[in-house]
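In the UniProt record's numbering, the protein residues as written are 1 to 183.
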């Protein structure tokens with residue numbers, strides 16, 4: 001059996017350590033022999049397992065054959081997914097351009113902090129997210145390093161100076177409330 005280079009290096013390192021121990025402290029030499037034998041046996045066992053695993057992996061990978069038909073089917077599947085994605089984005093853009101935005105259908109927006117409908121909307125000029133004025137003001141004054149409460153927003157630091165009243169949204173909320181009150 002050929003000894004791989006890394007195993008040979010490990011064994012020679014063990015022998016070097018053993019010779020140093022024998023020279024420095026001869027009384028420990030007899031104590032080191034069983035430990036070194038166990039280490040050598042463990043290295044040999046691990047090397048056998050590694051070569052067996054390598055052989056099994058090579059056998060398994062050589063028995064797997066991917067036909068061109070399966071590859072073509074996978075490519076077609078990927079193209080179909082991309083077409084569906086592009087179609088969905090195009091439909092969404094068309095709805096937005098036609099004024100069929102979900103915001104216009106239901107302008108009641110919920111505050112991300114209190115989860116209640118927004119009464120007095122303010123918009124962050126950096127990330128364009130909308131909050132209820134009372135809840136976001138309280139959150140920022142309580143914690144100066146407050147982040148935008150919307151999940152995934154990259155706006156790291158909120159400031160009261162970055163909040164501006166959103167009058168358009170306020171009108172939409174008021175008109176939707178009036179419609180609800182009429183019902």
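For each residue, glycine too, the CB sits at the ideal point set by N, CA and C.
- Message: Please report whether the beta-carbon of residue 180 lies at a distance below 9 Å from any beta-carbon of chain B.
- Response: Of the protein chains in the structure, only one exists, and it is not chain B.
- Quick one: what does DSSP say residue 169 is sitting in, helix, strand or coil? helix
- Message: Report the start-end ranges of each beta strand (DSSP E) in the UniProt domain "SP-RING-type" (109–153) that is 3 residues or longer and not cut off at the edges.
- Response: 121–124, 130–132
- Please report the Cβ distance between residue 162 and residue 130, rounded to the nearest whole angstrom; I am assuming they are in contact, meaning their Cβ atoms lie under 8 Å. Wrong, their Cβ atoms sit about 13 Å apart, outside the cutoff.
- Cβ-based burial, residue 135 [other Cβ within 10 Å; buried from 16]: buried
- Item | Close beta carbons around residue 147, own chain, < 8 Å, minus the five adjacent residues each side | 153, 155, 156, 157, 158
- Any chance you could list the alpha helix (DSSP H) runs of at least 4 consecutive residues sitting entirely within the stretch 13–75, in chain order? 26–63
- Item | Nearest candidate by alpha-carbon position, reference residue 173, set 117, 149, 133 | 117
- Can you give the Cα-Cα distance for residue 149 and residue 140, rounded to whole angstroms? 11 Å
- Message: Taking 9 Å as the threshold (C-beta atoms), are residue 169 and residue 113 in contact?
- Response: no
- Task: Give the DSSP-derived three-state secondary structure of residue 164 in the structure shown.
- Result: strand
- Task: Could you tell me the distance, in whole angstroms, from the CA atom of residue 101 to the CA atom of residue 74?
- Result: Only weak support exists for where residue 101 lies, its pLDDT of 49 falling under 50; the value from the coordinates is given anyway. Approximately 35 Å, taken between the alpha carbons.
- Message: My output table needs one value for residue 101: the three-state DSSP class, helix, strand or coil.
- Response: Reliability of the predicted coordinates at residue 101 is poor, the pLDDT of 49 falling under 50, and the value obtained from them is presented with this limitation in mind. Residue 101: coil per DSSP, three-state reduction.
- Message: Comparing C-alpha positions only, which one of 39, 77, 20 sits nearest to residue 10?
- Response: 39
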